[in-house]
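Numbering (this note's numbering), first residue to last: 4 to 404.
Beta carbons are placed, not taken as given, at the ideal position from N, Cα and C, and that holds for glycine.
On a predicted model such as this, the values are computed, not experimentally measured, just so you know.
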């Protein structure tokens, strides 16, 4: 059982006695180990252990969030006194409508793999480096992280929930020469499902293809994104799906419910229940059992992501995406299409293959005007074939278009 449970119960009970209308207490404990490598050598080893108790209070429609990092009743009492004093000085939160009412039944799914906890990260890193050398790639660099986390949630609305999870993150960059690189990422909740060897091989393949003189191009092109690059853009769609972004004027999905926002073949959802999903969890920040939410169906926007307050304001179903302030996506999924990568390649007359991007920026969040900078392998495609690696380009477009 998680540490400091008794103190969490004490905070909840004391806050209610002091007159709080709603209380959420979340105890979180996390352990992380990290191995960085560069120039084919491990360059840094780090580990972190962290614990805190998050506290959310609502009284007379005023809300405050704070946290406790010293775990004594004296510190807990001081935290509560400061929080209630703060509540006296602030205005009402007009958008607040309460928290989810329990109790709930939760899935029995496990997102914890005990083998992750005592993993020898260095052995896996060295295996990746050696595999890259076998591919005749000059250098490699990246980071490997393994994490264990626990969460215990209590609320004034009869919620008590606990879960623990593990995660693995492997970022690998292969460098064939100074200007020719490939980058891939592998993630998993379970060690046996971490396909890091495939990630290394793909990074090396991209780096090898990127060798040679590179040219600049400009104009309008068909673009084929690798999943890593495409995920960067999909994340912005997830952010725009949050009702918080919509209300803040920072969503290109504003006023688009029921309207066509993508090609009719596009289906896009958030699924906190998916097996081995890095963001999968049993409950949200209010203790609501998580679920799968279809955001875009056949190209049309079906829903925004909600917590209890926003769902009540709009008289819609709670999607169990709380964030007590801002609803957030868990695992964004873009449905696989009917065409293979090779088939798509073969049909491109003149286009660009993008394997990675960074510095994605919006000139206007509300309209969806953005730009992003490709990095690592960038390739010109003509008549279904790679004809030249490219350099120094920027993509500018509109997400909805």
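- In chain order, 227, 382 and 384 place their CB closer than 6 Å to the CB of residue 356, counting only its own chain and leaving out the 5 sequence neighbours on each side.
- In the structure shown, the three-state DSSP call for residue 28 is strand.
- Ranking 253, 331 and 311 by CA distance to the CA of residue 272 puts 331 first.
- When C-alpha distances from residue 177 are compared across 390, 171, 187 and 245, the shortest belongs to 187.
- Each of 257, 174, 234 and 345 was checked against the Cα of residue 244, and the nearest Cα belongs to 257.
- Note on residue 151: 16 or more other CB atoms within 10 angstroms of its CB, so buried under the neighbour-count rule.
- By the CB criterion at 8 Å, residue 171 and residue 194 fall inside the cutoff.
- Judged by DSSP secondary structure, residue 17 falls within the alpha helix (DSSP H) whose first and last residues are 8-20.
- One Cα belongs to residue 254, the other to residue 326, and the distance between them is close to 17 Å.
- DSSP places residue 177 in the uninterrupted beta strand (DSSP E) bounded by 162-180.
- Annotation note: the stretch 63-129 contains the following uninterrupted beta strand (DSSP E) runs of length 3 or greater, listed N- to C-terminal: 65-71.
- Under the 10 Å beta carbon count, residue 377 is surrounded by 16 or more other beta carbons and is classified as buried.
- In the three-state scheme derived from DSSP, where H, G and I count as helix and E and B as strand, residue 143 is classed as strand.
- Put simply, the backbone Cα of residue 396 is about 25 Å away from that of residue 202.
- Per DSSP, residue 350 lies in no beta strand (DSSP E); the unbroken alpha helix (DSSP H) holding it starts and ends at 344-350.
- Your pair residue 82 and residue 69 checks out as a contact, with CB atoms roughly 6 Å apart and the cut at 8 Å.
- Taken through DSSP and simplified to helix, strand or coil, residue 55 comes out as strand.
- The straight-line gap separating the alpha-carbon atoms of residue 130 and residue 38 is approximately 13 Å.
- For residue 71, the closest C-alpha among the options 54, 184, 60 and 62 is that of 54.
- Our two residues, residue 348 and residue 281, have alpha carbons roughly 30 Å apart in a direct line.
- The way I'd put it, the stretch 299-316 doesn't touch the stretch 357-365; fewer than three beta-carbon pairs between them come closer than 8 Å.
- When C-alpha distances from residue 225 are compared across 354, 94 and 182, the shortest belongs to 354.
- For residue 297, the beta-bridge partners assigned by DSSP are 272.
- Taking a cut-off of 8 Å on C-beta distances, the stretch 135-147 touches the stretch 207-215, as three or more cross pairs fall below it.
- With respect to the 8 Å criterion, residue 56 and residue 15 are not classified as neighbours on the basis of their beta carbons.
- Sixteen is the threshold: since fewer than 16 other Cβ atoms of the shown chains lie within 10 Å of the Cβ of residue 366, the residue is exposed.
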